[in-house]
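What follows is one structure encoded as structure tokens, with my remarks underneath.
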Amino acid sequence: MPNRLIFQGTTTYLSEHWYAKIISPLVEVKKLLQAIYQFLLHLIWSEFIYGKQLENEIESLVAFLVFYLLSLLGYYLRDYIQIILIIFFLIWYLDCWFAKYQYFQKNYKIDIFIYEIDLSKIICCLSLPHTQTQSIFASFSPQEVSYIAIEKSPLLGGAFQEFLDEVWQIEVYLFNGKHFVIDENLIVNESLLTAKKLANYFKVDIIFTHSKGNNSYVEQELKSRNFANIINQNSVGVKCQKKSKKIHIYTQWRWSNTWNFLKMLFEKAGFLLFIIIMSGFMIKLGGLLDNIISVIRGKDDIIYLSSPLVWLIPNWHWRNILELVLVLGIFIYQGWQLSRVKHIYITQHYLKFFVDNRMIDKIKTSEIEASLVIINNNYEILIIGKNKVVNITNFQQEKLAQLFLLYLNEAIDELQQKLPKSLDGKLQDER
Numbered sequence: 003m004p005n006r007l008i009f010q011g012t013t014t015y016l017s018e019h020w021y022a023k024i025i026s027p028l029v030e031v032k033k034l035l036q037a038i039y040q041f042l043l044h045l046i047w048s049e050f051i052y053g054k055q056l057e058n059e060i061e062s063l064v065a066f067l068v069f070y071l072l073s074l075l076g077y078y079l080r081d082y083i084q085i086i087l088i089i090f091f092l093i094w095y096l097d098c099w100f101a102k103y104q105y106f107q108k109n110y111k112i113d114i115f116i117y118e119i120d121l122s123k124i125i126c127c128l129s130l131p132h133t134q135t136q137s138i139f140a141s142f143s144p145q146e147v148s149y150i151a152i153e154k155s156p157l158l159g160g161a162f163q164e165f166l167d168e169v170w171q172i173e174v175y176l177f178n179g180k181h182f183v184i185d186e187n188l189i190v191n192e193s194l195l196t197a198k199k200l201a202n203y204f205k206v207d208i209i210f211t212h213s214k215g216n217n218s219y220v221e222q223e224l225k226s227r228n229f230a231n232i233i234n235q236n237s238v239g240v241k242c243q244k245k246s247k248k249i250h251i252y253t254q255w256r257w258s259n260t261w262n263f264l265k266m267l268f269e270k271a272g273f274l275l276f277i278i279i280m281s282g283f284m285i286k287l288g289g290l291l292d293n294i295i296s297v298i299r300g301k302d303d304i305i306y307l308s309s310p311l312v313w314l315i316p317n318w319h320w321r322n323i324l325e326l327v328l329v330l331g332i333f334i335y336q337g338w339q340l341s342r343v344k345h346i347y348i349t350q351h352y353l354k355f356f357v358d359n360r361m362i363d364k365i366k367t368s369e370i371e372a373s374l375v376i377i378n379n380n381y382e383i384l385i386i387g388k389n390k391v392v393n394i395t396n397f398q399q400e401k402l403a404q405l406f407l408l409y410l411n412e413a414i415d416e417l418q419q420k421l422p423k424s425l426d427g428k429l430q431d432e433r
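Taken in order, the sequence shown gives residues 3 to 433; the numbers are from this note's numbering.
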């Protein structure tokens, strides 16, 4: 009996660029600065705002010692710091651009093939770019398949390993705990359609990784008592307005959201601002350290001190002003993206999703099968239909997304119950 091809998918293959080793010192410095920045964010939010103690004080001490050494180096190179920053940002941008360009080239894809050998054996093969041969990387029986998973994963690339995009990966999970990535897409709807074909073949469920809800697609069930607790905390900022033929669900700003908003904003766009401000701060700190070293070595008798707050004020040279304007522009744009209001309008005919006054997507109410919240790096809601998925992203808090999901599920159930049913019990759209 010949091997029968039952599935073919692709995953990303991002090879290292020829210049990666040349700029590796810059990459390491950027990693170190970003680690310090993340540490400072953790320090501010965990210890100063939420009152939590840092878990590893030794790592904190090492990070600050390295920060002092970099400050000293920055002081010695202070005459060239502007040129260094410009070159750094240019290389960083070009590296990200090359990595994105590489991702969308078909020559950088790994082809995945799943074959049925007989009724009791399945093999998975892969073919690397520019090759015709296929290598087996997994073998199992159909009865060993536990479920098909869909997971949203960050796509990192380039020498700096920067975030390029997010992809929805399809994985086959076995009962023994092993799992294999067999396909990925930028659009969740395409991944779901592919996963449905595999689930039908193996006769298993589809599960979205890191998901919560009350249907077969979720990894963790949301208890009704959890919803009650969220509703009691009405400060989270979700409103639901009901009219005779329409239900309107939307996000609303609350002062309790401020800290989470600022945290997300600094995580998304704060690193560039950190580099601009801290470059001047580090030069002044490095000057103080050099002064202290000179006194210790007997080359100087006086330690010159000034207010550390003055160190955060950059020199008002036109290049400094241009850098600040560009970074603050990015900061404001990211803040605007995070603070935009999400609207859901539901009637018996359609569910429509708006951001501010712009319609993003819509789906027939009669075709909605399930909805769930995904709790990963970001919080988002998926509304799953027969052949379509509506994706609502950028929730600032988990409880905000969960309350939005609660109102959404109640609205869908209420309006679907009003729809006429066919003889087989399925919902029909009136139009």
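Every residue, glycine too, gets a C-beta built ideally from N, C-alpha and C. In this text the structure is predicted, and so the values were computed from the model without any measurement.
Measuring only the C-alpha atoms, how far is Q10 from L200?
Translated into the one-based positions of the sequence shown, residue 10 becomes position 8. Translated into the one-based positions of the sequence shown, residue 200 becomes position 198. Taking the straight line joining both Cα atoms gives about 11 Å.
Exposed unless 16 or more other CB atoms sit within 10 angstroms - verdict on K205:
Position 203 of the sequence shown, counted from the first residue, corresponds to residue 205. By the neighbour-count rule (16 or more Cβ atoms within 10 Å), K205 is not buried but exposed.
Which complete alpha helix (DSSP H) runs does the segment 182–251 hold, if anything under 4 residues is left out?
190–204 and 226–234
Taking C-alpha atoms, which residue in N359, E369 and S193 lies nearest to T349?
For the purposes of this step, residue 349 is identified with residue 347 of the sequence shown, where counting begins at 1. Of the candidates N359, E369 and S193, the one whose C-alpha sits nearest the C-alpha of T349 is E369.
Going by Cα to Cα distance, which pick from T367, S141, E382 and F177 is closest to I150?
Looking up residue 150 in the sequence shown gives position 148. If we check each option's Cα against that of I150, F177 comes out closest.
P27: which of S17, I86, T13 and L224 sits nearest, CA to CA?
Translated into positions along the sequence shown, residue 27 becomes position 25. Checked all of S17, I86, T13 and L224; the closest Cα to P27 is I86.
Ignoring anything shorter than 3 residues or poking outside the segment 94–124, list the beta strand (DSSP E) runs there in chain order.
111–120
With 16 other CB atoms within 10 Å as the buried threshold, where does S193 fall?
Locating residue 193 in the sequence shown gives position 191, where the first residue counts as 1. S193 is buried by the Cβ-count criterion.
Complete alpha helix (DSSP H) runs within the segment 370–396 (minimum length 4 residues, chain order):
none
Taking the C-alpha atoms as reference points, what is the distance between S141 and Q134?
Numbered from 1 along the sequence shown, position 139 holds the residue referred to as residue 141. Numbered from 1 along the sequence shown, position 132 holds the residue referred to as residue 134. Approximately 20 Å, taken between the alpha carbons.
F355 lies in the beta strand (DSSP E); which residues open and close that run?
Start at 1 with the first residue of the sequence shown, and residue 355 comes out as number 353. Its beta strand (DSSP E) spans residues Y352 to V357.
Could you check where the alpha helix (DSSP H) with K401 kicks off and where it finishes?
For this step, residue 401 is matched to residue 399 along the sequence shown. It spans E400 to Q419 - the alpha helix (DSSP H) in which K401 sits, taken as one unbroken run.
Length of the line joining the Cα atoms of L79 and I294
Counting from 1 along the sequence shown, the entry for residue 79 is found at position 77. Counting from 1 along the sequence shown, the entry for residue 294 is found at position 292. Each residue's Cα considered, the two are about 18 Å apart.
Going by C-alpha distance, which of V375, Y117 and L157 is nearest K214?
The sequence position of residue 214 within the sequence shown is 212, counting from 1. Selected option, being the one with the closest Cα: V375.
Quick one: what's R360 bridged to in DSSP?
As a working note, residue 360 is residue 358 in the sequence shown. Answer is V357, bridged to R360.
Can you list, in chain order, the residues of its chain with a C-beta nearer than 8 Å to that of F139? Leave out the 5 residues immediately preceding and following it.
In the sequence shown, counting from the first residue as 1, residue 139 sits at position 137. Cβ neighbours of F139 beyond the five flanking positions: C126, C127, L128 and F182.
Hey, would you say K248 sits closer than 8 Å to Y347, going by beta carbons?
In the sequence shown, counting from the first residue as 1, residue 248 sits at position 246. In the sequence shown, counting from the first residue as 1, residue 347 sits at position 345. Cβ atoms of K248 and Y347: closer than 8 Å.
Determine the direct distance from the alpha carbon of N393 to that of T211, and round the result to whole angstroms.
On the sequence shown, position 209 is the one that residue 211 refers to. On the sequence shown, position 391 is the one that residue 393 refers to. If I take the Cα positions, the gap works out to 15 Å.
When the Cα of Q187 is compared with those of V391, K180, G179 and I172, which residue comes out closest?
The count along the sequence shown starts at 1 and reaches residue 187 at position 185. Before going further, note that residue 187 is Asn rather than Gln in the sequence given. Ranking V391, K180, G179 and I172 by Cα distance to N187 puts I172 first.
Identify the residues that DSSP records as bridge partners of P156: which are they?
Locating residue 156 in the sequence shown gives position 154, counting from the first residue. Its beta-bridge partners are E168.
Residues sharing a beta bridge with I437, DSSP:
A query on residue 437 cannot be resolved here, the shown segment of the chain reaching from 3 to 433 and no further.
Name the residue from L74, V31, L157 and K364 whose alpha carbon lies nearest to the alpha carbon of C98.
For the purposes of this step, residue 98 is taken as the residue at position 96 of the sequence shown. For the residues L74, V31, L157 and K364, the minimum Cα distance to C98 belongs to L157.
What distance in whole Å lies between the Cβ atoms of I184 and I112, which are believed to be in contact at a cut-off of 8 Å?
To locate residue 112, count along the sequence shown from 1; it is residue 110. To locate residue 184, count along the sequence shown from 1; it is residue 182. No, I112 and I184 are not in contact; Cβ-Cβ is about 10 Å, not under 8 Å.
Could you check the C-alpha separation between L417 and I332 for me, to the nearest Å?
Translated into the one-based positions of the sequence shown, residue 417 becomes position 415. Translated into the one-based positions of the sequence shown, residue 332 becomes position 330. Roughly 41 Å separates the two Cα atoms.
I'd like to confirm the pairing. Which residues does DSSP put opposite F162 in its beta bridges?
Counting from one through the sequence shown, the residue named residue 162 turns up at place 160. DSSP lists no partner for F162.
Neighbour-count burial assignment, M284, 16 or more Cβ in a 10 Å radius:
As a first step, residue 284 is located in the sequence shown; it is residue number 282 there, counting from the start. Buried: at least 16 other Cβ atoms inside 10 Å.
If you follow the beta strand (DSSP E) that G11 is in, where does it begin and where does it stop?
For the purposes of this step, residue 11 is identified with residue 9 of the sequence shown, where counting begins at 1. R6 to T14 is the span of the beta strand (DSSP E), which, as asked, contains G11.
Measure the beta-carbon distance from L384 to I365 and round it to whole angstroms, keeping in mind my assumption that it falls under 8 Å.
By 1-based counting over the sequence shown, the position of residue 384 is 382. By 1-based counting over the sequence shown, the position of residue 365 is 363. Contact flag wrong, Cβ pair sits at about 11 Å.
First and last residue of the uninterrupted beta strand (DSSP E) at S348
The residue you call residue 348 lines up with position 346 of the sequence shown. According to the sequence provided, residue 348 is Ile. The question's Ser does not apply to it. Its beta strand (DSSP E) spans residues K344 to I348.
Under 8 Å between C-beta atoms of L402 and I251:
Counting from one through the sequence shown, the residue named residue 402 turns up at place 400. Counting from one through the sequence shown, the residue named residue 251 turns up at place 249. Against a cut-off of 8 Å, the Cβ pair of I251 and L402 comes out as no contact.
By the three-class DSSP mapping on this structure, what secondary structure does F177 have?
Taking the first residue of the sequence shown as 1, we reach residue 177 at position 175. DSSP places F177 in coil when its eight states are reduced to three.
F106: buried (16+ other C-beta within 10 angstroms of its C-beta) or exposed?
Residue 106 sits at position 104 when you count from the first residue of the sequence shown. Exposed, by the Cβ-count rule.
Quick check on DSSP: helix, strand or coil for I150?
If you number the sequence shown from 1, residue 150 lands on position 148. Looking at I150 - three-state DSSP - the assignment turns out to be strand.
Report the three-state DSSP secondary structure of Y22 (helix, strand or coil).
Against the sequence shown, residue 22 aligns to sequence position 20. The identity of residue 22 in the sequence shown is Ala, whereas the question assumes Tyr. Here A22 sits in coil by DSSP.
Taking DSSP as the reference, what is the three-state secondary structure of S296?
Stepping through the sequence shown from its first residue, residue 296 is reached at position 294. In the structure shown, S296 sits in a helix (DSSP, three-state: H, G or I).
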